[in-house]
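Inspection log for the structure reproduced underneath, given as structure tokens.
Chains as they are written, first to last, in our numbering: chain G, -19 to 147; chain Y, 13 to 112.
This is how it looks when you write it as structure tokens:
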């Protein structure tokens, strides 16, 4: 058992644990904090997949920006704990069944994925670096990149218009 | 080396947990957080396949997914604030004007 397997096991366990906390925590603040830790552990998983740039972006954008937005909204709305409802309602059983069924279908599909992994070989040094991804974004994927910048602008204007009570 | 299918199983589990949260939770904010979990599971799948194929298109897709998730969070939270202003609640069972 080498260090990569140990790290993967630890990060995967902690990711699933904090994802469970997001779902089952009673107060929204606890959910948000558990979500932050989920993002950090997922960033660790990304590093194991040689995706250093995306791991850094994950921490910066998700754990930094998006979660601050969530926390601001939770504090702005001043939400209390959710009242404990009946523990096992029909919709909960249905939701659990649907999630378990989807997982079973996905697991059957994943079991058929070939286990062959490409040898990084010569691109061992450059795979997943900002240089490689940036070259790809600004040549092949330039139009989607510009579309994303437009999307962010529209989302920003839309968020201000929707959330403001009087303009 | 950890097999790629382990990463895919982790992503599938994360996606199903997010879907369970979306279906079960009644607080609109927590529903949004569960949507973020599902988007992260999709990202993990992109990165796992990028590593398997040895090209960086999956990384570019993951960057785009992160940008779209940021836009989605901004607009979604603005809608939550607007609904809270008009209804005084973020419980999605109280928001049923458009329910048939």
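Every residue gets a Cβ at the ideal spot worked out from N, C-alpha and C, and that includes glycine. Predicted model only: the values in this text are computed from it and were never measured.
{"Query": "Would residue 63/Y count as contacting chain G if we go by Cβ distances under 8 Å?", "Result": "yes"}
{"Query": "Taking 8 Å as the threshold (beta carbon to beta carbon), is residue -4/G in contact with chain Y?", "Result": "yes"}
{"Query": "Starting from residue 112/Y, follow the alpha helix (DSSP H) in both directions and report where the run begins and ends.", "Result": "Premise fails: residue 112/Y is in no alpha helix (DSSP H) and is neither H nor E."}
{"Query": "Please confirm if residue 31/G has its CB atom under 8 Å from at least one CB of chain Y.", "Result": "yes"}
{"Query": "Counting C-beta neighbours from all protein chains within 10 Å, is the total for residue 77/G 16 or more, i.e. buried, or is it exposed?", "Result": "exposed"}
{"Query": "Can you name the residues of chain G whose CB is closer than 8 Å to the CB of residue 16/Y?", "Result": "93, 95, 97"}
{"Query": "With distance defined between alpha-carbon atoms, name the residue in 14/Y, 13/Y, 25/Y nearest to residue 88/G.", "Result": "25/Y"}
{"Query": "Drop a sphere of 10 angstroms on the beta-carbon of residue 94/G, count the other beta-carbons inside from all chains shown, and report buried for 16 or more, exposed for fewer.", "Result": "exposed"}
{"Query": "If I'm right that residue 42/G touches residue 35/G with Cβ under 8 Å, what's the distance once you round it to whole angstroms?", "Result": "Their Cβ separation, rounded to whole angstroms, is 11 Å, which puts residue 42/G and residue 35/G out of contact at 8 Å."}
{"Query": "If I'm right that residue 33/G touches residue 108/G with Cβ under 8 Å, what's the distance once you round it to whole angstroms?", "Result": "6 Å"}
{"Query": "Considering only the beta carbon of each residue, do residue 82/Y and residue 70/Y sit closer than 8 Å?", "Result": "no"}
{"Query": "Strictly under 8 Å for the Cβ-Cβ distance: is residue 75/Y near chain G by that measure?", "Result": "yes"}
{"Query": "In chain order, what residues of the same chain lie with their CB nearer than 8 Å to the CB of residue 112/G, ignoring the 5 residues before and after it?", "Result": "103, 106"}
{"Query": "What is the rounded straight-line gap between the Cα of residue -7/G and the Cα of residue 46/G?", "Result": "23 Å"}
{"Query": "Using C-beta distances below 6 Å, list every residue in its chain close to residue 37/Y, excluding the 5 sequence neighbours before and after it, in chain order.", "Result": "43"}
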